[in-house]
Amino acid sequence: MERHPVLYEESMNTVLQQEVILYNTLISLIHRSLNDLLKALKGLVVMSDGLERMSTSVFNNSVPDMWANKAYPSLKPLGSWVIDLLQRLEFIEGWNKNGIPITFWISGFFFPQAFITGALQNYARQTSISIDTIGFEYRVVPITEEIKEAPKTGCYVSGFFVEGARWCHETHVLAESRPKELFTDMPTIQLIPKADRVQPTTGIYICPVYKTLTRAGTLSTTGHSTNFVMPLRATFRQASRPLDQAAVALICALDY
Numbered sequence: 011m012e013r014h015p016v017l018y019e020e021s022m023n024t025v026l027q028q029e030v031i032l033y034n035t036l037i038s039l040i041h042r043s044l045n046d047l048l049k050a051l052k053g054l055v056v057m058s059d060g061l062e063r064m065s066t067s068v069f070n071n072s073v074p075d076m077w078a079n080k081a082y083p084s085l086k087p088l089g090s091w092v093i094d095l096l097q098r099l100e101f102i103e104g105w106n107k108n109g110i111p112i113t114f115w116i117s118g119f120f121f122p123q124a125f126i127t128g129a130l131q132n133y134a135r136q137t138s139i140s141i142d143t144i145g146f147e148y149r150v151v152p153i154t155e156e157i158k159e160a161p162k163t164g165c166y167v168s169g170f171f172v173e174g175a176r177w178c179h180e181t182h183v184l185a186e187s188r189p190k191e192l193f194t195d196m197p198t199i200q201l202i203p204k205a206d207r208v209q210p211t212t213g214i215y216i217c218p219v220y221k222t223l224t225r226a227g228t229l230s231t232t233g234h235s236t237n238f239v240m241p242l243r244a245t246f247r248q249a250s251r252p253l254d255q256a257a258v259a260l261i262c263a264l265d266y
């Protein structure tokens with residue numbers, strides 16, 4: 011990681027290093043277990059209970075438990091899970107080779123909470139303001155706006171899916187879903203750090219962001235949920251029923 015050393019003024023380098031360590035650990039486990047399984051199938055080593063369960067999972071197109079225990083939360087079947095993993099590795103490799111991306115793919119993070127904290131930390135160190143007083147304002151980038159460079163303040167994130175509603179590109183608000191439409195793509199969002207932010211009392215829906223459709227997790231040793239990422243405040247159009255009753259949420263990864 012010589013290209014991205016730990017720097018006081020750039021917390022994203024630390025985020026990248028943490029992500030690389032987690033993904034390398036997962037990849038090493040996958041390679042080692044697959045090699046062991048091939049040897050066991052050839053009769054070169056003993057077929058252990060773990061390898062037998064792994065073989066059954068691969069046959070059933072499900073992610074083996076030994077991989078899932080070291081991986082990020084995911085509900086995808088094995089085939090889609092592998093494709094998603096390759097896309098994640100491509101995102102991390104591109105970041106490592108080409109520098110900090112203009113737009114961050116939120117779905118590609120092993121631990122997106124660290125990325126969110128890193129964005130706040132960068133702003134806090136640039137402005138010498140306590141990070142405890144800083145929050146995010148959110149701007150949904152219109153689809154007609156071409157993103158050519160990173161913003162001067164904050165960062166662009168993409169990869170969200172809306173469940174229970176849709177983003178209306180004409181009025182730029184959350185609106186009711188169309189018939190038979192379970193999920194819709196959310197446009198790129200700009201996270202704008204701001205100190206002592208006053209939250210509006212009307213016209214705003216505090217939309218929860220989850221890693222998967224399960225919408226449930228456990229409290230990890232870091233103090234973060236294994237599934238909940240953050241609350242995101244979005245403008246909305248008055249619908250036939252409140253958005254919280256419709257269970258509207260943003261999802262980082264679907265189950266297919």
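When we follow the working numbering, the leftmost residue of the sequence shown carries the number 11, and every step to the right adds one.
Note that beta-carbon positions come from the ideal geometry of N, C-alpha and C, so glycine has one too.
Pairwise C-alpha distance: residue j and residue i
i, j, result
"residue 243", "residue 211", "11 Å"
"residue 9", "residue 257", "The shown model of the chain, from 11 to 266, leaves out residue 9, and the question about it has no answer."
"residue 130", "residue 164", "8 Å"
"residue 217", "residue 259", "5 Å"
"residue 82", "residue 29", "11 Å"
"residue 148", "residue 189", "28 Å"
"residue 200", "residue 155", "12 Å"
"residue 202", "residue 132", "12 Å"
"residue 215", "residue 53", "59 Å"
"residue 146", "residue 66", "45 Å"
"residue 96", "residue 118", "10 Å"
Outcome for residue i when other beta-carbon atoms lying within 10 angstroms are tallied against a minimum of 16
i, result
"residue 107", "exposed"
"residue 36", "buried"
"residue 208", "exposed"
"residue 122", "buried"
"residue 192", "exposed"
"residue 184", "buried"
"residue 169", "buried"
"residue 143", "exposed"
"residue 109", "exposed"
"residue 174", "buried"
"residue 137", "exposed"
"residue 226", "exposed"
Same chain, Cβ closer than 6 Å to residue i, five either side skipped, listed in chain order
i, result
"residue 139", "205"
"residue 24", "16"
"residue 228", "236"
"residue 50", "57 and 61"
Simplified DSSP state of residue i, which is helix, strand or coil
i, result
"residue 206", "coil"
"residue 240", "strand"
"residue 73", "coil"
"residue 89", "helix"
"residue 164", "coil"
"residue 260", "strand"
"residue 103", "helix"
"residue 154", "coil"
"residue 110", "coil"
"residue 138", "coil"
"residue 235", "strand"
"residue 15", "coil"
"residue 213", "coil"
Neighbourhood of residue i by C-beta, 8 Å cutoff - its chain only, sequence neighbours within 5 removed
i, result
"residue 33", "98, 99, 102 and 120"
"residue 72", "87 and 88"
"residue 105", "26 and 111"
Under 8 Å between C-beta atoms of residue i and residue j
i, j, result
"residue 47", "residue 22", "no"
"residue 219", "residue 182", "no"
"residue 172", "residue 194", "yes"
Residue i beta carbon near the ligand FMN (any heavy atom closer than 7 Å)
i, result
"residue 156", "In the structure on display, the ligand FMN does not appear, and there are no ligands present to speak of."
Neighbourhood of residue i by C-beta, 7 Å cutoff - its chain only, sequence neighbours within 5 removed
i, result
"residue 91", "73 and 84"
"residue 153", "179 and 197"
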